[in-house]
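Numbering (this note's numbering), first residue to last: 19 to 63.
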C-alpha cells in the first residue's frame, strides 16, 4: 500500500531521502487539521 511520506519525516529519521521500492518501517499518523494519514517515525526495515 502506498503511504504519503513528508520530507520532514524523512529528515527527522536521519535519512537523506527514500528510493523507490526501499523498505522502511513506519507508524501511521493522522493530521488533526486535515484528517490526512501519513507515515511517521520512519526506520530502516
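For every residue, glycine included, the Cβ atom is placed at its ideal position computed from N, Cα and C.
Under 9 Å between the Cβ atoms of residue 45 and residue 58? yes
Are the Cβ atoms of residue 62 and residue 24 separated by less than 9 Å? no
Return helix, strand or coil for residue 56, following the three-state DSSP convention. strand
Nearest to residue 26 by CA position, among 20, 19, 34, is which residue? 34
With respect to the alpha helix (DSSP H) encompassing residue 29, which residues constitute its N-terminal and C-terminal limits? 25 to 30
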